[in-house]
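As structure tokens, the structure follows; a few thoughts come after it.
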Amino acid sequence: MRRTKGRTDSPDVQSLNINADYGEAASLTADDSTAHKSDKKHDPEAKKQVTITVQPGVKPKPTVKKRSTPSADLDIHKEIQKCREEGATRLDLSKAAVTVLPKELKELTSLRELYLYGNRIAVLPPEVGLLPNLETLALSENNLTTLPDNLVKLTKLKVLDLRHNKIKEIPDVIYKLTTLTTLYLRFNRISVVESGIGNLKLLERLSLRENKIKILPRVIGQLVHLVTLDISHNHIENLPAEIGNCVHMTSLDLQHNDIPSLPDSIGRLTAMTRLGLRYNQLSSLPDSLANCSGIDEFNIEGNNIAELPEKLLSSLKNLTSLTLSRNKFEVFPAGPPKQFCQVNTFIMEHNRMQKIPFGVFNKAKYLSKLNVKDNQLTSLPLDFGSWISLVELNVATNQISKLPEDIQWLVNLEVLILSNNLLKKLPRGIGALRKLRVLDIEENKLESIPTEIEYLRSLERLVLQSNCLGSLPRSIGYLSSVTYLSVGENELVSVPQEIGNMESLEQLYLNDNENLQSLPYELVLCGSLQIMSIENCPLSALPSQIVAGGPSLVIQYLRLQGPYNGMVDTGVPTSDV
Numbered sequence: 001m002r003r004t005k006g007r008t009d010s011p012d013v014q015s016l017n018i019n020a021d022y023g024e025a026a027s028l029t030a031d032d033s034t035a036h037k038s039d040k041k042h043d044p045e046a047k048k049q050v051t052i053t054v055q056p057g058v059k060p061k062p063t064v065k066k067r068s069t070p071s072a073d074l075d076i077h078k079e080i081q082k083c084r085e086e087g088a089t090r091l092d093l094s095k096a097a098v099t100v101l102p103k104e105l106k107e108l109t110s111l112r113e114l115y116l117y118g119n120r121i122a123v124l125p126p127e128v129g130l131l132p133n134l135e136t137l138a139l140s141e142n143n144l145t146t147l148p149d150n151l152v153k154l155t156k157l158k159v160l161d162l163r164h165n166k167i168k169e170i171p172d173v174i175y176k177l178t179t180l181t182t183l184y185l186r187f188n189r190i191s192v193v194e195s196g197i198g199n200l201k202l203l204e205r206l207s208l209r210e211n212k213i214k215i216l217p218r219v220i221g222q223l224v225h226l227v228t229l230d231i232s233h234n235h236i237e238n239l240p241a242e243i244g245n246c247v248h249m250t251s252l253d254l255q256h257n258d259i260p261s262l263p264d265s266i267g268r269l270t271a272m273t274r275l276g277l278r279y280n281q282l283s284s285l286p287d288s289l290a291n292c293s294g295i296d297e298f299n300i301e302g303n304n305i306a307e308l309p310e311k312l313l314s315s316l317k318n319l320t321s322l323t324l325s326r327n328k329f330e331v332f333p334a335g336p337p338k339q340f341c342q343v344n345t346f347i348m349e350h351n352r353m354q355k356i357p358f359g360v361f362n363k364a365k366y367l368s369k370l371n372v373k374d375n376q377l378t379s380l381p382l383d384f385g386s387w388i389s390l391v392e393l394n395v396a397t398n399q400i401s402k403l404p405e406d407i408q409w410l411v412n413l414e415v416l417i418l419s420n421n422l423l424k425k426l427p428r429g430i431g432a433l434r435k436l437r438v439l440d441i442e443e444n445k446l447e448s449i450p451t452e453i454e455y456l457r458s459l460e461r462l463v464l465q466s467n468c469l470g471s472l473p474r475s476i477g478y479l480s481s482v483t484y485l486s487v488g489e490n491e492l493v494s495v496p497q498e499i500g501n502m503e504s505l506e507q508l509y510l511n512d513n514e515n516l517q518s519l520p521y522e523l524v525l526c527g528s529l530q531i532m533s534i535e536n537c538p539l540s541a542l543p544s545q546i547v548a549g550g551p552s553l554v555i556q557y558l559r560l561q562g563p564y565n566g567m568v569d570t571g572v573p574t575s576d577v
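Using the UniProt record's numbering, read the sequence shown as starting at 1 and increasing by one per residue.
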């Protein structure tokens, strides 16, 4: 079907700007910001981020509030002098436009924490190595390419933060800082991790995220105190079996790499609660992964997996979120219904699944979000009506031709996405979904809408674009909360007068209804209307010059010619969107 929503090359999709003086000409502005559909790829980092955590009592500073730039370097000298006089243990010169650190820094022998985030430092002076009590050195967001060798004298250093610099090779001195418990090297240009990393046996947190690393050395297994390891967004081609020695690991982030398989030894990481595997080259998972029973979020999106180990899901006792999107599943994951007993979110879009088994969600009493978009489903299971905990259901882009009448039992549904299927009608039971806010049935074969739609009083967004609708039910006027109504690309011959009761309506799309000859005068009663599309609608009952002028002029004409002239308090904004 034709896709014309949101076109900007015509006056027929416009913000409506009606002057209080109805006789004055309205200004017309094409709108391109609200009519488009979007099908964006999931942001790889939208859900999970590695939190900067340091020892108790040390304030984490992943971001620092902006402050005014010092007028001169004298301010920095004063800060250092004040710190020296007070014997302070903490100095924060973050976001101070520092390019060069003064030599008197070495006099701060009591200093334990030094924060230099967000400056312009390209070279760290050797004086920093003369701070014998330093425990935290924060250098994120600078221009560093290396570090001075005498940092090796910092025998109490525990936290080293070098995120967002320009380091191509990990400086040798880092491999000698054997007291480190936290090392952050995220977002640099590092391509190689040397075996010297194995010297840092006290490391608990290591982040090498967003670099250019291909090989993780086997000595990583010597870091037996590691709690979190983030090597995501690199080019890792192999995860060494020695990773299984890091038995205290709770978070392992491997997403966005080129890993084809996981070693069986990963099953020894029984303390793990988070495992990031998205967007790799995995074609299977080891059976031993079932030993990691504490994982609460399991996400393997963007791999080549066709099936899961048989007992994996039922072994993950704390599993609340399961994402299997963009893989090669042709059948639903095997296992008993109890494997979903704690799951609240299940996303399996973009696979090849043909069927959801009967009874699979019998124990899923917390399941609130189910997304099986873009599969090959032809129907929904007979026990569909038992999924009563669902709040969001997305079955878009399948081959479903009938929606079960039992949908009436899904009374907690707020979002229902049915677009791109083969539906010819909706069951009358849909009127029972009193909490529904979004109903999207775009690109089906709908020939009519049941009058029971009037009961969807919470509905805010109704998408009926690209169907075979010849009319809309008069009961649509009861949908007083709807702000977005799209009925373009149908076969409408008229719009019911009751549309004037839709007092919240802000966007109305009628485009490409080639049999639509007129519009009701009651349209002017939609006081919140801001955008209307009438592109490719003949509207022959209206003067051609009015239609050519676009939606604003059409609305103005309806007001002047209809029975509501002089009695309508327009709620239409007086400025273009």
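Glycine is no exception: its CB is placed at the ideal position from the N, C-alpha and C atoms.
Cβ neighbours of residue i in the same chain (closer than 7 Å, five flanking residues each side left out)
| i | result |
| --- | --- |
| glutamate 498 | Arg474, Ile476 and Gly477 |
| asparagine 304 | Gln281, Leu282, Ser283, Asn327 and Lys328 |
| arginine 90 | Arg112 and Glu113 |
| valine 524 | Ile555, Leu558, Arg559, Gly562, Tyr564 and Val568 |
| histidine 235 | Lys212, Ile213, Lys214, Asn257 and Asp258 |
| serine 466 | Met1, Glu442, Glu443 and Glu489 |
| asparagine 412 | Ile388, Ser389, Leu390, Val391 and Lys435 |
Range of the contiguous alpha helix (DSSP H) that encloses residue i
| i | result |
| --- | --- |
| glutamate 297 | Unbroken run through glutamate 297 is the beta strand (DSSP E), 297-299; no alpha helix (DSSP H). |
| valine 415 | No alpha helix (DSSP H) holds valine 415; the beta strand (DSSP E) holding it covers 415-417. |
| lysine 78 | 74-86 |
| leucine 558 | 551-561 |
| isoleucine 546 | 544-548 |
Environment of residue i [buried if 16+ CB atoms lie within 10 Å]
| i | result |
| --- | --- |
| arginine 120 | exposed |
| phenylalanine 358 | exposed |
| histidine 77 | exposed |
| glutamate 85 | exposed |
| aspartate 258 | exposed |
| alanine 541 | exposed |
| proline 563 | exposed |
| tyrosine 557 | buried |
| histidine 36 | Low confidence applies to histidine 36: its pLDDT is 39, below 50, so where it sits in the model is not reliable, and the reading given next is rough at best. Classification for histidine 36: exposed. |
| alanine 290 | buried |
| aspartate 43 | Legend: pLDDT at aspartate 43 = 44, less than 50; position of this residue unreliable, no value from coordinates given. |
| tyrosine 366 | exposed |
| serine 325 | buried |
| asparagine 511 | buried |
| isoleucine 245 | The residue you asked about is not isoleucine; residue 245 is asparagine in the sequence shown. Result: buried. |
| threonine 155 | exposed |
| threonine 136 | buried |
| aspartate 161 | buried |
Residue range of the beta strand (DSSP E) that includes residue i
| i | result |
| --- | --- |
| alanine 138 | 136-138 |
| serine 315 | It is not in any beta strand (DSSP E) - serine 315 instead sits in the alpha helix (DSSP H) that spans 312-315. |
| glycine 276 | 274-276 |
| valine 463 | 461-463 |
| serine 533 | 531-533 |
| valine 159 | 159-161 |
| tyrosine 184 | 182-184 |
8 Å contact criterion, which residue i and residue j should meet: CB distance rounded
| i | j | result |
| --- | --- | --- |
| isoleucine 430 | isoleucine 407 | 6 Å |
| threonine 273 | asparagine 299 | Actually they do not touch by this definition, with Cβ atoms about 13 Å apart. |
| arginine 428 | serine 458 | 18 Å between Cβ atoms; not a contact. |
Cβ neighbours of residue i in the same chain (closer than 6 Å, five flanking residues each side left out)
| i | result |
| --- | --- |
| arginine 209 | Arg186, Asp230, Ser232 and His233 |
| lysine 103 | Glu127 |
| threonine 51 | A caution first: threonine 51 carries a pLDDT of 35, below 50, which makes its placement in the model unreliable, though a value can still be read off. For threonine 51, where only same-chain residues beyond five positions count, there are no Cβ hits under 6 Å. |
| phenylalanine 384 | Pro404 and Asp406 |
| proline 381 | Ile356 and Phe358 |
| glutamine 339 | Leu313 and Ser314 |
| leucine 206 | Leu183 and Leu229 |
| isoleucine 215 | none |
| histidine 164 | Ser140, Glu141 and Phe187 |
Beta-carbon spacing of residue i, residue j below 8 Å
| i | j | result |
| --- | --- | --- |
| aspartate 296 | leucine 319 | yes |
| serine 528 | leucine 505 | yes |
| glutamate 204 | leucine 226 | yes |
| isoleucine 167 | leucine 144 | yes |
| glutamine 399 | asparagine 371 | no |
| valine 495 | leucine 519 | yes |
| proline 125 | threonine 109 | no |
| leucine 393 | leucine 416 | yes |
| leucine 479 | leucine 456 | yes |
| serine 379 | asparagine 344 | no |
Cutoff 8 Å; reference residue i; Cβ partners in own chain excluding five residues on either side
| i | result |
| --- | --- |
| serine 94 | Lys61, Val64, Tyr115, Leu116, Tyr117, Gly118, Asn119 and Ala138 |
| lysine 445 | Leu422, Leu423, Lys424, Asn467 and Cys468 |
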